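Contents: one structure, followed by commentary.
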Amino acid sequence: MDEPLDAFSIRLPVLIRPCVEADLPALDDFSRFVAHHVPVRELYEQHRSGRALILVAEVNGAPGGQLWIDLERRRGELAGEIWAVYVLPGLRGQGIGARMVRAAEQALEARGCRWALLGVEVDNPDARRLYERLGYTLAVTTPAPEAPEPSARGAVAQWVLRKALRAAGTQG
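The following block contains the structure:
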């Protein structure tokens, strides 16, 4: 039998919030689906110490998406680096990724950042189009390292996109 037995749509509550320790098993599962290994426990410790920020899209009480922000790597440039954006496949196309990016931008603005940077794997043009709709522009394309270390962040060719932010206390 190839015909569906039923088809319908449902609405689910979504809350974008900072990560808590109870989210780590789900985020560890998500890390299997991003282009580079994400050392979840290590990054969570950076999140707890204020060197990084992990946002979770909680969907009906469980993590349905994630977004990581490196607050240290580009501090001198007054920029935060957004990476490892992931939304569960069944939840894509509902605006969750866009809302997580907007929440990340607000968090960066509150910390005085003037720029948001975002790396997108070159084999993911759909994500690039989303970020361009959100106001990001191409800054540079970085090639993949010749012999990437499997756990190295950024071990694939990427487009690096950027967006100017209104830092806290500025008009615009």
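For the numbering used here, add 319 to where a residue sits in the sequence shown, where the first one is 1. Using N, Cα and C, we set each Cβ at its ideal position, and we do this for glycine too. None of the values given here were measured: they were computed from a predicted structure.
{"Item": "Using DSSP bridges, identify the partner residues of residue 481.", "Value": "436, 456"}
{"Item": "In terms of alpha-carbon separation, which member of 341, 459, 476 lies closest to residue 373?", "Value": "341"}
{"Item": "Tell me the start and end of each unbroken beta strand (DSSP E) in the region 344 to 419 that is at least 3 residues and wholly inside, in chain order.", "Value": "371 to 378, 381 to 389, 398 to 406"}
{"Item": "Do the region 474 to 482 and the region 429 to 436 make contact, defined as three or more Cβ pairs closer than 8 angstroms?", "Value": "yes"}
{"Item": "Tell me the rounded alpha-carbon separation between residue 493 and residue 459.", "Value": "Only positions 320 to 491 of the chain appear in this structure, which leaves residue 493 out of reach."}
{"Item": "Using the C-alpha atoms, what's the distance from residue 344 back to residue 371?", "Value": "18 angstroms"}
{"Item": "Leaving out five residues before and five after residue 453 in sequence, what residues of the same chain have Cβ atoms less than 8 angstroms from its Cβ?", "Value": "417, 420, 421, 482"}
{"Item": "I need the DSSP call for residue 449, collapsed to helix, strand or coil.", "Value": "helix"}
{"Item": "Under the three-state reduction of DSSP, which class applies to residue 325: helix, strand or coil?", "Value": "coil"}
{"Item": "Which residues does DSSP pair with residue 334 in a beta bridge?", "Value": "377"}
{"Item": "Identify, in the order they occur along the chain, each residue of the same chain with its Cβ nearer than 8 angstroms to the Cβ of residue 441, setting aside the five sequence neighbours on each side.", "Value": "460, 475, 476, 477, 478"}
{"Item": "Residue 322 CB to nearest chain C CB: under 8 angstroms?", "Value": "Judged by its chain identifiers, the structure shown contains no chain C, having just a single protein chain."}
{"Item": "Distance, Cα to Cα, residue 409 vs residue 395?", "Value": "38 angstroms"}
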